[in-house]
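For the sequence shown, my numbering gives the first residue as 9, with consecutive numbering after it.
No residue lacks a Cβ here, since even glycine has one placed at the ideal position from N, Cα and C.
Encoded as C-alpha cells, the structure appears first; notes follow it.
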Amino acid sequence: MKEEEFKVLAKQRIDEVSAKINELKAKEESLQGDAISKYEESLKELELKKAALEAKYIELENASEEKWDEAENAFSSASESFKEGWNKIISLFSIVFVLFFFASCGLFDKENKNNG
Numbered sequence: 009m010k011e012e013e014f015k016v017l018a019k020q021r022i023d024e025v026s027a028k029i030n031e032l033k034a035k036e037e038s039l040q041g042d043a044i045s046k047y048e049e050s051l052k053e054l055e056l057k058k059a060a061l062e063a064k065y066i067e068l069e070n071a072s073e074e075k076w077d078e079a080e081n082a083f084s085s086a087s088e089s090f091k092e093g094w095n096k097i098i099s100l101f102s103i104v105f106v107l108f109f110f111a112s113c114g115l116f117d118k119e120n121k122n123n124g
C-alpha cells in the first residue's frame, strides 16, 4: 500500500475510534451502581489508547521515507491495541446493555410474567 493511501486509511481509523468512544459515552447513562465506575475506568483506558493512536498518526504524517515502515508499523500496533481495548469493554458491558434494554422494555416486570 502506498504511503498516501495508508495515511488516508489511518485518518479514517482515528475518526472511527472517536465515533466508537462517543458511542460508549452515550451508553454510559444506562449503567447503574458499581458498573459505572468500572465502565468509566475502561473508557479512560480506551481514551488513552486513542491518544496513543493519534500520536502515532502524527509520527506517520511526519515520517521521513527511511522511517516510514517504522511509523506505519507503530500506527498499526496502536490501532490493534485500541481494537483489543474496544473488544474488552464491549465484552464486559454488552450483557449490562442487554439487561438494561430488556428492563426498559418492561420485560422484567413481575406483572408481565406468566404464571403458567
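- Looking only at Phe83, Lys33, Leu17 and Tyr65, the smallest Cα-Cα distance to Glu55 is reached by Lys33.
- Rounded to whole angstroms, Ser102 and Ala43 show a C-alpha spacing of 12 Å.
- For Glu13, the closest of Trp76, Lys57, Lys46 and Ala86 by C-alpha to C-alpha distance is Trp76.
- Taking a C-beta distance under 8 Å as the contact criterion, Ser89 and Arg21 do not qualify as a contact pair.
- The C-beta separation of Ala71 from Ala79 comes to about 4 Å, placing the pair in contact by the 8 Å criterion.
- If you check the CB distance, Ala18 and Tyr65 come in under 8 Å.
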